[in-house]
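The structure appears right after this line, and notes come after that.
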Amino acid sequence: MTAIDTLPPLREVIATHQLSARKSLGQNFLLDLNLTAKIARQAGDLSHCDVLEIGPGPGGLTRGLLAEGARRVLAVEKDGRCIPALAEIADAYPNRLQVIEGDALEVNPLEHLTPPIRVAANLPYNIGTELLVRWLTPKQWPPFWQSLTLMFQREVAERIVALPGTKKYGRLALLAQWRAEPNIVLSLPPGAFTPPPKVSSAVVHLTALPEPRFPADAGMLNKVVAAAFNQRRKMLRSALKSVSPDIEDHLKEAGIPPTERAEQVSLEGFCALARSLEPQI
Ligand code: SAM
3 MTAIDTLPPL REVIATHQLS ARKSLGQNFL LDLNLTAKIA RQAGDLSHCD
53 VLEIGPGPGG LTRGLLAEGA RRVLAVEKDG RCIPALAEIA DAYPNRLQVI
103 EGDALEVNPL EHLTPPIRVA ANLPYNIGTE LLVRWLTPKQ WPPFWQSLTL
153 MFQREVAERI VALPGTKKYG RLALLAQWRA EPNIVLSLPP GAFTPPPKVS
203 SAVVHLTALP EPRFPADAGM LNKVVAAAFN QRRKMLRSAL KSVSPDIEDH
253 LKEAGIPPTE RAEQVSLEGF CALARSLEPQ I
């Protein structure tokens, strides 16, 4: 094993700071620094970037990001027990690591970051999807981030990259694929984590596209997609009745048979439907 820095091994850090994993905080730690360096490399060239990390825990991925050359890392951690362990990393990398103790759903990291910005995290599973949706639906596009490199349960990762006609295709896939390019870049078995979770995990890398793949109003697209997949077994003319009384006409204008189900409709089709419903775009 090659040590990526001169800090103590993570098992020792956990013992010294008594960081027994808490399920309520989604704590499944990565203790292999070769693996955290590998995940950090998936985030792309970090040398000119600030990196936002959510949930650094004992700091395995944080160390990977810094060793791989991140200009600065801003780490937001809810568990106060981890802060002294992270302070040791900050000492080893002067002026390159800032730690905020707080809830990632409450903290506004933008006050502390300078573009270009990348996001990298082994996310707590209970807030992972919510954070992803927030990052994919900002008020303005392009977003504050160039790329997101995120660990998810394998099942969620598959929903992000799912294609039409598959069971996992839905709102998350459409949101992720409309204005970003998502790819599963690593798969990890439960045994890669301490303690091991019940399910496998995967790292998804999403690159922000400068422009959406197809024009559409974000609010209308979101509304249509949410309604369509809320009743995914129904034909679209019924599932989308609440969106417009003339939905059959709009579906026809968008080139979508009104008897189609949401699962069969491509991203391009949903964008055409959103444009038909919101013609000023
Ligand atoms: N990055 C570390 C690693 O890879 O070993 C820890 C990953 S662990 C899956 C998730 C981390 O997120 C834990 O350290 C946990 O305390 C933290 N966390 C949980 N909820 C959080 C929240 N709302 N805001 C910030 N951090 C949170």
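Its first residue numbered 3, the sequence shown is counted upward by one per residue in the numbering used here.
Where is the CB? At the ideal position from N, CA and C, for every residue including glycine.
Computed from a prediction, not measured in an experiment: that's the story for all the values here.
_Beta-carbon proximity list for Trp147, same chain, < 8 Å, skipping 5 on both sides_ = Leu54, Ile119, Arg120, Val121, Trp137 and Ala210
*Going by DSSP, what residues sit across from Met153 in a beta bridge?*
Residue pairing of Met153 in beta bridges, as defined by DSSP: Asn124 and Val205.
*Backbone CA spacing between Ala72 and Leu253 [nearest angstrom]*: 47 Å
*Roughly how many angstroms separate the alpha carbons of Ala159 and Ala178, rounded to a whole number?*
11 Å
*Classify Leu12 as helix, strand or coil using the three-state DSSP reduction.*
helix
*What is the DSSP secondary structure of Thr196, counted as helix, strand or coil?*
strand
*Same chain only: Cβ atoms within 8 Å of Arg234, ignoring 5 sequence neighbours per side*: Gly172, Ala241, Arg263, Ala264 and Glu265
*asked:* Assuming contact is defined by CB atoms lying nearer than 7 Å, are Pro60 and Ile6 in contact in what I supplied?
replied: no
_Under 7 Å between C-beta atoms of Arg156 and Ala106_ = no
*asked:* I'd like the span of the alpha helix (DSSP H) that includes Asp251, first residue to last.
replied: Ile249 to Glu255
*asked:* At the level of alpha carbons, what is the spacing between Gln20 and Asn128?
replied: 23 Å
*Output the distance between the C-alpha atoms of Ala94 and Asn36, rounded to the nearest integer angstrom.*
The straight-line gap separating the alpha-carbon atoms of Ala94 and Asn36 is approximately 18 Å.
*Take the Cβ of Ala89 as the centre, count every other Cβ of all protein chains shown within 10 Å, and call the residue buried at 16 or more, exposed below.*
exposed
*Which of the three DSSP states, helix, strand or coil, is assigned to Arg74?*
strand
*By DSSP, does Leu165 sit in helix, in strand, or in coil?*
The three-state reading of DSSP puts Leu165 in coil, since its state is none of H, G, I, E or B.
*Glu70 and Ala42: beta carbons closer than 7 Å?*
In this structure, Ala42 lies closer than 7 Å to Glu70 by Cβ.
_Proximity winner among Val75, Leu134, His50 and Pro126, relative to Gln2 (alpha-carbon distances)_ = What the structure shows of the chain is the stretch from 3 to 283, and residue 2 is not part of that stretch, so it cannot be assessed.
*Using only the heavy atoms of ligand 1, determine whether one of them is closer than 6 Å to the beta carbon of Gly71.*
no
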